[in-house]
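Asks: In the numbering used here, the protein residues as written are 12 to 231.
This is the structure in structure tokens:
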């Protein structure tokens, strides 16, 4: 090979090596650019994600605060309503208590009035008897006249009792524990079993209510 041919061959090889170096350099640059592009994209995505995440958190916080505020308002309204209802119940209780107290006083007064009126009615019927007894004692006369006056007064007294609905308890039959009080028991063949033989004190009743039991002696 001549020197000229050798020189040309060296130049060709040198050119190929330079071209390969340029290609490798370009490839490296492209890789670096691609890496930078990927990194920038990842950073952008991270920032965007962080922005969205922060926005979502703020939105959730706002929503939670709004719900708490609404719940607080509801509780306040419910508390106000309950307080008003309680106050109304207190007022109603006070009115009811006052009404009951007035009713109790009025009823007690009415009962007292009824009792007083009943006593007055009884006394109106009894006082004439006392008047006749006083007249009999004040009158001048024989013992027989006084006896007649007392008998008349007794009849008047019994009439007064009848006007009040008071009647004498019968004692002319068998012993009745609902009407009679047995003071003595005797064995007597002249009487049947459980028969009243003697009255120690007469009894009286008004309707079915016994005022005083008859005190009696009972046979057999």
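Each residue gets a CB set at the ideal place from its N, CA and C atoms; glycine is no exception.
Compare the Cα-Cα distances from residue 208 to each of 223, 143, 181, 189 and report the closest residue.
Replies: It is 181 whose Cα lies nearest to the Cα of residue 208.
Asks: Inspect the beta-carbon positions of residue 162 and residue 213 and report whether they are closer than 7 Å.
Replies: Not a contact, by the Cβ cut-off of 7 Å.
Asks: Run the CB neighbour count on residue 164, radius 10 Å, all protein chains shown included, and call it buried at 16 or more, exposed below.
Replies: Classification for residue 164: buried.
Asks: Inspect the CB distances between the segment 132 to 148 and the segment 165 to 175 and report whether three or more fall short of 8 Å.
Replies: Taking 8 Å as the limit for Cβ pairs, the verdict is that the segment 165 to 175 does touch the segment 132 to 148.
Asks: Using only alpha-carbon positions, find the residue among 140, 187, 77 that is nearest to residue 167.
Replies: Nearest of 140, 187, 77 to residue 167, Cα basis: 140.
Asks: In the DSSP assignment, the alpha helix (DSSP H) including residue 174 goes from what residue to what residue?
Replies: First-last of the alpha helix (DSSP H) with residue 174: 154 to 174.
Asks: Buried or exposed: where does residue 225 fall if 16 or more other Cβ atoms within 10 Å of its Cβ makes it buried?
Replies: Label assigned to residue 225: buried.
Asks: Could you give the first and the last residue of the continuous beta strand (DSSP E) run that contains residue 215?
Replies: 215 to 217 is the extent of the beta strand (DSSP E) around residue 215.
Asks: Taking its Cβ as the centre, do 16 or more other Cβ atoms sit within 10 Å of residue 196, making it buried, or is it exposed?
Replies: Flag for residue 196 reads exposed.
Asks: Kindly list the residues whose CB is nearer than 6 Å to the CB of residue 160, restricted to its own chain and excluding five residues on each side of it in sequence; keep chain order.
Replies: Once the five neighbours on either side are set aside, the close Cβ partners of residue 160 are 147.
Asks: In whole angstroms, what separates the C-alpha of residue 119 from that of residue 130?
Replies: Approximately 16 Å, taken between the alpha carbons.
Asks: Can you round the beta-carbon distance between residue 193 and residue 227 to whole angstroms, since I take them to be within the 8 Å contact cut?
Replies: That pair is a contact at about 6 Å.
Asks: Which of the three DSSP states, helix, strand or coil, is assigned to residue 182?
Replies: If DSSP states are grouped into helix, strand and coil, residue 182 belongs with coil.
Asks: Are the beta-carbon atoms of residue 217 and residue 176 separated by less than 7 Å?
Replies: Yes, Cβ-Cβ distance for residue 217 and residue 176 is below 7 Å.
Asks: Once the 5 residues before and after residue 206 are set aside, which same chain residues still bring their CB inside 8 Å of it?
Replies: So the list reads 184, 185, 186, 229, 230, 231, once near-sequence residues are dropped.
Asks: Output the boundary residues of the beta strand (DSSP E) element that contains residue 230.
Replies: Counting along the chain, the beta strand (DSSP E) containing residue 230 begins and ends at 225 to 230.
Asks: I'd like the list of long-range same chain contacts for residue 92, defined as Cβ closer than 8 Å, with 5 residues on each side in sequence excluded.
Replies: Closer than 8 Å at Cβ, skipping near neighbours: no residue.
Asks: What three-state label does DSSP hand residue 193 in the structure shown?
Replies: Reduced to three states, the DSSP call for residue 193 is strand.
Asks: Grab me the residues of residue 17's own chain with a C-beta within less than 8 Å of its C-beta, minus the 5 sequence neighbours each way, in chain order.
Replies: In this prediction, residue 17 has a pLDDT of 47, which is less than 50 and means its spatial position is unreliable; what the coordinates show is noted afterwards. Counting only Cβ-Cβ distances below 8 Å, and skipping sequence neighbours, we find nothing.
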